[in-house]
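Presented below is the structure to which this report refers.
Residue numbers (the working numbering): 989 to 1265.
See below:
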């Protein structure tokens, strides 16, 4: 019963943080940027009208508001209703599905950001292109300490799976868990590679701002990478100790933490706005 109470609190925190607080933070930062850098002074920043950009932000908030209400209704249903499972079938599956719903408005905002930068590129009449001659290396984005943390958390999970294979519990998937975690780590490695080696989407962005953005996203990806390994390891041990109810608390808290970390990419702003004049 205590775990169930903590789960309700963790889920409420997830609902409010991801679908209310973070969207408000993102919208406020972007509106402040537009107010401080108007089209008359920074025309290259606006390949489309500010009104259109405001419409996108309003839709982003509307999507989040709808998902917020759904989350609160789900919580009220399991707290005061006769159901004890989200969606009436499974709390763990319900948490995952709802988190994916919460991600959709941010995916929409990200897609609009890509479209915004594509329009910048189409309207960019500058023929000369420039690029930094400095090599883009892994150690510029991931320090040896973080590389060690990635390796340590991955090896800890593999060691846990090997131990569990000798002492299995009900529902244990065996060595398939290792294949899954290797695939997950490869996914993060590919994301980091493209972040380091990929071209900039904003054609006007200065080299300094591009480097700062790469370092920020690199740090966020690596942090998420380590947390994913820790999360999987924690879930495995909770299942082994027959404390599966606490898995829900950990999973909801993990979703909230990941959203807070990755939301920093939505509010990152350049330092050099002169390139948009």
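Glycine included, each C-beta is placed from N, C-alpha and C at the ideal position.
Keep in mind it's a predicted model, so treat the numbers as computed, not measured.
- In chain order, 1093 place their CB closer than 6 angstroms to the CB of residue 1051, counting only its own chain and leaving out the 5 sequence neighbours on each side.
- Distance between residue 1007 and residue 1055, taken at the CA atoms: about 7 angstroms.
- Our two residues, residue 1023 and residue 1044, have alpha carbons roughly 16 angstroms apart in a direct line.
- Proximity to residue 1219 across 1236, 1204 and 1230 peaks at 1236, based on C-alpha coordinates.
- Fewer than three pairs of CB atoms, one per stretch, sit closer than 8 angstroms, so the region 1026-1037 makes no contact with the region 1087-1101.
- With respect to residue 1253, residue 1208 sits close: the two C-beta atoms are nearer than 8 angstroms.
- Comparing alpha-carbon positions, the option among 1159, 1258, 1247 and 1019 lying closest to residue 1091 turns out to be 1247.
- Three or more Cβ pairs closer than 8 angstroms define a contact, and the region 1105-1112 meets that threshold against the region 1183-1196.
- A contact is defined here as three or more CB-CB pairs under 8 angstroms, and the region 1173-1180 fails this definition with respect to the region 1221-1232.
- Only exposed fits residue 1151, as fewer than 16 other CB atoms lie within 10 angstroms of its CB.
- The beta carbon of residue 1112 lies closer than 6 angstroms to those of 1191 in the same chain, with the five residues before and after it left out.
- Annotation: residue 1260 is outside any alpha helix (DSSP H) and is labelled neither H nor E by DSSP.
- For residue 1062, the number of other beta carbons within 10 angstroms of its own is at least 16, and it is reported as buried.
- Counting every other CB atom within 10 Å of its CB across the protein chains shown gives residue 1129 a total of 16 or more, marking it as buried.
- Residue 1058 and residue 1251 have their alpha carbons spaced roughly 21 angstroms apart.
- A buried status is given to residue 1148, since no fewer than 16 other beta-carbon atoms sit within 10 Å of its beta-carbon.
- The DSSP assignment places no complete beta strand (DSSP E) segment of no fewer than 3 residues inside the region 1099-1187.
- For residue 1247, the enclosing alpha helix (DSSP H) has its first and last residue at 1232-1250.
- If you draw a 10 Å sphere on the C-beta of residue 1257, you find fewer than 16 other C-beta atoms in it, and that means exposed.
- By the criterion of a C-beta distance shorter than 6 angstroms, residue 1165 is surrounded in its chain by 1149, once the five residues flanking it on both sides are discounted.
- Just measuring C-alpha positions, the residue of 1131, 1089 and 1201 sitting nearest residue 1210 is 1131.
- Per DSSP, the continuous alpha helix (DSSP H) segment holding residue 1038 begins and ends at 1038-1068.
- Taking each of 1014, 1003 and 1038 in turn and checking the Cα distance to residue 1025, the smallest one comes out for 1038.
- Secondary structure of residue 1028 (DSSP, three-state): coil.
- Contact check for residue 1030 and residue 1264: beta-carbon distance about 4 angstroms, within the 8 angstroms limit, so the pair qualifies.
- Annotation for residue 996: the continuous alpha helix (DSSP H) segment containing it runs 990-1004.
- Scanning its chain for C-beta atoms nearer than 6 angstroms, with the 5 sequence neighbours on each side dropped, one finds around residue 1005 the residues 1244, in chain order.
- Here residue 1083 is buried. Its C-beta has 16 or more other C-beta atoms within 10 Å.
- In the DSSP assignment, residue 1229 falls outside any alpha helix (DSSP H), carrying neither H nor E.
- Counting every other CB atom within 10 Å of its CB across the protein chains shown gives residue 1213 a total of 16 or more, marking it as buried.
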